[in-house]
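Here is the structure we will look at, set down as structure tokens.
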Amino acid sequence: MSATYAPELLHGLVERAGRADFPAFEAQLRSTGGCARRVRLRGTIETCDGHGHKRVWSTDSQPDGVLLKACGNRREAVCPPCAERYRGDAYQLIVSGLRGGKGLPGSVAEHPAIFATLTVPSFGPVHTRVPGSDGTSRRCRPRRDDPICPHGRRLSCGAIHDEGDPVLGDPLCPGCFDHHAAATWNNSLGALWRYTTIAIPRARRAASG
Ligand SMILES: [Zn+2]
Ligand SMILES: [Zn+2]
Ligand SMILES: [Zn+2]
Numbered sequence: 017m018s019a020t021y022a023p024e025l026l027h028g029l030v031e032r033a034g035r036a037d038f039p040a041f042e043a044q045l046r047s048t049g050g051c052a053r054r055v056r057l058r059g060t061i062e063t064c065d066g067h068g069h070k071r072v073w074s075t076d077s078q079p080d081g082v083l084l085k086a087c088g089n090r091r092e093a094v095c096p097p098c099a100e101r102y103r104g105d106a107y108q109l110i111v112s113g114l115r116g117g118k119g120l121p122g123s124v125a126e127h128p129a130i131f132a133t134l135t136v137p138s139f140g141p142v143h144t145r146v147p148g149s150d151g152t153s154r155r156c157r158p159r160r161d162d163p164i165c166p167h168g169r170r171l172s173c174g175a176i177h178d179e180g181d182p183v184l185g186d187p188l189c190p191g192c193f194d195h196h197a198a199a200t201w202n203n204s205l206g207a208l209w210r211y212t213t214i215a216i217p218r219a220r221r222a223a224s225g
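Mapped onto this note's numbering, the consecutive letters of the sequence shown carry residue numbers 17 to 225.
Below you can see the structure in the form of structure tokens.
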């Protein structure tokens with residue numbers, strides 16, 4: 017197998033390999049698991065211990081001043097390595113919940129199993145695939161009144177997106193999408209999940225009397 021690289025890319029690689037921060041860069045690349053759409057994060061983390069000692073970690077200390085994270089997308093068409101990892105992780109999680117393993121005792125196999133569907137709140141309209149009752153896909157977001165948002169973008173989409181369409185999941189208008197709420201929701205996910213795991217068994221006990 018042979019590959020042709022653009023001269024700029026080759027030059028960039030050679031230049032990068034000679035730099036002192038190359039091991040750190042390579043470690044970041046490895047930790048993203050071959051993600052095809054790495055997210056470049058820039059910022060600082062401040063932690064304070066109980067004695068008032070503050071510690072600051074900054075991406076300034078990282079190669080190029082950024083921290084690389086895997087995109088974590090579940091769709092094969094968007095990022096094959098992340099989608100594959102998600103599939104594997106989801107399988108292991110479900111299997112260990114049903115028959116034990118991965119730190120869970122085998123006795124969980126005798127527990128009742130609930131397959132609950134939890135729906136994430138909407139933070140704004142996004143391009144989507146709408147399944148029709150006959151198995152075919154419907155149009156993304158058809159609107160007869162063809163509304164225009166304050167940013168001048170159409171809040172409708174008449175396309176029938178196929179599975180590999182890269183716009184799937186993208187907001188119809190990035191300006192209208194509530195990024196703040198989305199970030200807050202994602203940041204609170206741990207606590208939300210904790211309360212969910214308390215509420216579901218309670219509801220089940222109440223239902224079974
Ligand atoms: Zn990825
Ligand atoms: Zn669309
Ligand atoms: Zn808008």
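Here a beta-carbon is modelled for each residue, glycine too, at the ideal position from N, C-alpha and C.
The set of residues whose C-beta lies within less than 6 Å of a heavy atom of ligand 3 reads, in chain order, 165, 166, 167, 169, 189, 191 and 192. Straight-line spacing of the CA atoms in residue 61 and residue 70 works out to 10 Å. In the structure shown, the three-state DSSP call for residue 50 is coil. By the Cβ neighbour-count rule, residue 51 is buried, with 16 or more other Cβ atoms within 10 Å of its own. The Cβ neighbour count for residue 163, taken over all protein chains shown within 10 Å, is under 16; the residue is labelled exposed.
Per DSSP, reduced to three states, the secondary structure at residue 101 is helical. With a beta-carbon spacing of about 25 Å, residue 84 and residue 142 fall beyond the 8 Å limit used to define contacts. Taken atom to atom, the span from the alpha-carbon of residue 157 to that of residue 183 is near 13 Å. Residue pairing from DSSP places residue 117 in a beta bridge opposite 120. The C-beta of residue 79 has 16 or more other C-beta atoms within 10 Å across all chains shown, which makes the residue buried.
The region 193-208 and the region 147-154 do not touch, with fewer than 3 CB-CB distances between them shorter than 8 Å. Residue 155 is a Cβ neighbour of residue 146, given a cutoff of 9 Å. If you draw a 10 Å sphere on the C-beta of residue 64, you find fewer than 16 other C-beta atoms in it, and that means exposed. Look at residue 153 here: in three-state DSSP terms it is strand.
Partner residues in the beta bridge of residue 60, as assigned by DSSP, are 74. Taken from the Cβ of residue 183, at least one heavy atom of ligand 2 lies inside 8 Å. Cβ contact annotation for residue 139 (same chain, cutoff 7 Å, sequence separation greater than five): 193, 194, 197 and 198, in chain order. By the Cβ test, the region 86-101 is not in contact with the region 112-121, since fewer than three Cβ pairs between them sit closer than 8 Å. No heavy atom of ligand 2 is found nearer than 8 Å to the CB of residue 93. In the structure shown, residue 83 adopts extended strand secondary structure according to DSSP, grouped into three states. Scanning its chain for C-beta atoms nearer than 7 Å, with the 5 sequence neighbours on each side dropped, one finds around residue 172 the residues 157, 158, 159, 162 and 163, in chain order. Residue pairing by DSSP places residue 183 opposite no residue, since no beta bridge is assigned to it.
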